[in-house]
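There are 2 protein chains.
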Amino acid sequence: MTTSGTADEPMALAAERLRAAGMRVTAPRMAVLTAVSDSGGHLDAETLRERAQRVTGRLSLQATYNVLRALTDAGLVRSTQIAGHPTRYETERHDNHHHFVCRACGSIRDVECVVGAAPCMEPRLPEEYDTQEAAVTFWGLCPGCRAATPVP
Amino acid sequence: MTTSGTADEPMALAAERLRAAGMRVTAPRMAVLTAVSDSGGHLDAETLRERAQRVTGRLSLQATYNVLRALTDAGLVRSTQIAGHPTRYETERHDNHHHFVCRACGSIRDVECVVGAAPCMEPRLPEEYDTQEAAVTFWGLCPGCRAATPVP
DNA sequence: CCAGACACTTGACCGATTCAAGAAAAGGCG
DNA sequence: CGCCTTTTCTTGAATCGGTCAAGTGTCTGG
């Protein structure tokens, strides 16, 4: 069987994580956090709302945004903005990884970065600049779209 | 006197560049292209419209978007999208440089990249991925805002 | 179990950008 | 040089992602 059974396990886990972060535990929060975790990342607010709704029965888009904001502020979720796409959300892994975006289908794939020694973290800027973070987006074609694209 | 005189020189230059790109030469296009060039980059559509208007006398925002699209497609202008900001435009220099964005004041500064050997251009991805471009955005505090910010 | 704080719903609103239809103007050609 | 076609500009409406605000509902600490 694919549905239910131990389907509330992730919910309990989500509750755990919310509590650990000092947040109130509510159905929408558990549902959204679970949706973000399960998906493997890179879903937008609307999609997350749809998924969360399957559990909560009903969830306003506004609430979804509220929850995502709260989860992001709490460090449980990381948001990423890709040019031309709505904001995407993924589980915060504290590994400062980057993203590859397919120009054809829009799919997103994580790209690991050598932790702590990310070469791209060293901009050629004067000393006075306080560089806190580097966000790298790789653009190109994913294997599927590359194969489907007639090479000129 | 501050106005006119040789003020139409950049216009002629813009006309030149448009023609070279095989585009029709129009007042809006010359004005916008000049505005992008003069500014040193990183202005949004609305600001560019204002500047261009000083020359053309009147220019719709829609036309500004049309022109910017055309210029971008023609490779004369490069557009950059920074999370939380409207799209910015700058003269295309074909040097694949990156951007530093101040979290406090939103100012943008170019960051040079070692041409041809950009370390950030080597994502750790399987062979089948066709990586065409890497966009790097550095986030932090510019000298001015850094000085103004009380260090905790 | 109750109060107060915090979260959710609904609905209006906003900024950035695009779509659509008609008027204007660029430029090739006779 | 002036016409005609094509492209571009103007105006106005619409879309999209997201936020603001007010009221109702629901956690959780005491």
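Respectively, the protein sequence lines represent chains A and B.
0 is the number of the first residue of the first sequence in numbering that gives the first Met the number 0; add one for each residue after it.
0 is the number of the first residue of the second sequence in numbering that gives the first Met the number 0; add one for each residue after it.
From the three backbone atoms N, C-alpha and C, an ideal C-beta is built for every residue, glycine too.
Hey, Gly40(B) and Thr130(A): beta-carbon distance below 8 Å or not? no
Starting from Leu75(B), trace the beta strand (DSSP E) in both directions and tell me its first and last residue. Note, Leu75(B): premise wrong, no beta strand (DSSP E); not H, not E.
Residue-chain proximity (Ala163(A), chain B), Cβ-Cβ < 8 Å: Chain A is shown from 0 up to 151; residue 163(A) falls before or after that span and cannot be answered.
Output yes if chain A places a C-beta closer than 8 Å to the C-beta of Ala11(B); else output no. no
Can you check which of these residues, Ala11(A), Leu42(A) and Gly21(A), is closest to Met29(A) by C-alpha distance? Ala11(A)
Indicate whether at least one CB of chain B lies closer than 8 Å to the CB of Glu127(A). yes
Under DSSP, the beta strand (DSSP E) around Val100(B) begins and ends at which residues? His97 to Cys101
Using the three-state DSSP reduction, which class does Thr55(A) fall into: helix, strand or coil? helix
Determine the direct distance from the alpha carbon of Ser78(A) to that of Phe137(A), and round the result to whole angstroms. 17 Å
Which residues of chain A have a Cβ atom closer than 8 Å to the Cβ of Gly139(B), listed in chain order? Tyr128, Asp129, Thr130, Gln131 and Glu132
Contact check, Asp43(A) vs Arg108(A), beta carbons under 8 Å: no
Tell me whether Thr148(B) sits in a helix, a strand or coil according to DSSP, three-state version. coil
From the beta carbon of Pro85(B), is the nearest beta carbon of chain A less than 8 Å away? no
8 Å CB neighbourhood of Gln80(B) in its chain, flanking five on each side removed: Thr86 and Arg87
Selected residue, minimal CA-CA separation from Ser36(B), among Leu75(B), Thr25(B) and Ala26(B): Leu75(B)
Amino acids of chain B, ordered along the chain, whose beta-carbon sits closer than 7 Å to that of Glu111(A): Arg123
Please name the residue, chosen from Leu70(B), Val24(B), Leu124(B) and Glu132(B), that lies closest to Asn95(B) on a Cα-to-Cα basis. Glu132(B)
Please state if the CB of Val135(B) and the CB of His97(B) are separated by a distance shorter than 8 Å. yes
Taking Cβ to Cβ, would you say Met22(A) is nearer than 8 Å to Ala69(A)? yes
Under 9 Å Cβ-Cβ, which residues of chain A neighbour Thr25(B)? Ordered by position in chain A, no residue passes the 9 Å Cβ test against Thr25(B), which lies about 27 Å from the chain.
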